Amino acid sequence: MSRISEEQVKHVAHLARLAITEEEAQMLTDQLDKIITYAEQLNELNTDNVEPTAHVLEIKNVMREDRAKEGLPREEVLKNAPEHQDGQIKVPGIME
Numbered sequence: 001m002s003r004i005s006e007e008q009v010k011h012v013a014h015l016a017r018l019a020i021t022e023e024e025a026q027m028l029t030d031q032l033d034k035i036i037t038y039a040e041q042l043n044e045l046n047t048d049n050v051e052p053t054a055h056v057l058e059i060k061n062v063m064r065e066d067r068a069k070e071g072l073p074r075e076e077v078l079k080n081a082p083e084h085q086d087g088q089i090k091v092p093g094i095m096e
């Protein structure tokens with residue numbers, strides 16, 4: 001018995017704006033069923049003494065101190081801009 005139907009695969013493909021053939025839908029249905037079956041095996045594991053973790057390795061974000069520093073001169077930045085006006089970079093409008 002399949003845990004996912006071909007109709008569900010086609011529905012998800014439609015939502016993702018993917019055009020798939022009948023053969024692809026059948027292949028994806030079979031593959032996803034195998035993935036779901038494998039994932040269900042994980043539910044059989046005894047995890048009573050396993051602490052919840054966000055990552056299997058102890059990793060911390062190492063960040064530098066945030067310090068303000070001098071930026072590029074305005075003239076240098078504006079000479080690289082395709083268009084500028086009144087000391088500002090001019091970009092196309094996105095709102096009417």
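Counting from 1, position 16 in the sequence shown corresponds to residue 16 in the UniProt record's numbering; the numbering is continuous, with no gaps.
Heads up, the beta-carbon is just placed ideally off N, CA and C, and yes, glycines get one too.
Since the structure is predicted, the reported quantities are computational estimates derived from the model, not experimental observations.
**Asked** Taking three-plus beta-carbon pairs below 8 angstroms as touching, is the segment 2-13 in contact with the segment 21-30?
**Response** yes
**Request:** Kindly list the residues whose CB is nearer than 7 angstroms to the CB of S2, restricted to its own chain and excluding five residues on each side of it in sequence; keep chain order.
**Result:** Mapped onto the sequence shown, residue 2 falls at position 2. Result list for S2: T29 and D33, in chain order.
**Bridge-paired residues (DSSP) for H84** = Within the sequence shown, numbered from 1, the residue matching residue 84 stands at position 84. DSSP output for H84 lists I89 as bridge partner(s).
**Asked** Hey, R74 and G87 are a contact pair by Cβ (cut 8 angstroms); roughly how many whole angstroms apart?
**Response** Reading the sequence shown from its first residue, position 74 is the one you call residue 74. Reading the sequence shown from its first residue, position 87 is the one you call residue 87. Their Cβ separation, rounded to whole angstroms, is 6 angstroms, which keeps R74 and G87 in contact under 8 angstroms.
**Message:** Suppose you measure from the CA of K79 to the CA of M95; what does that come to, to the nearest Å?
**Reply:** Within the sequence shown, the letter at position 79 stands for residue 79. Within the sequence shown, the letter at position 95 stands for residue 95. Going from the Cα of K79 to the Cα of M95 covers about 26 angstroms.
**Item:** E70 versus P82: straight-line alpha-carbon distance, rounded
**Value:** Along the sequence shown, one-based indexing puts residue 70 at 70. Along the sequence shown, one-based indexing puts residue 82 at 82. Looking at the two C-alpha atoms, the distance is approximately 23 angstroms.
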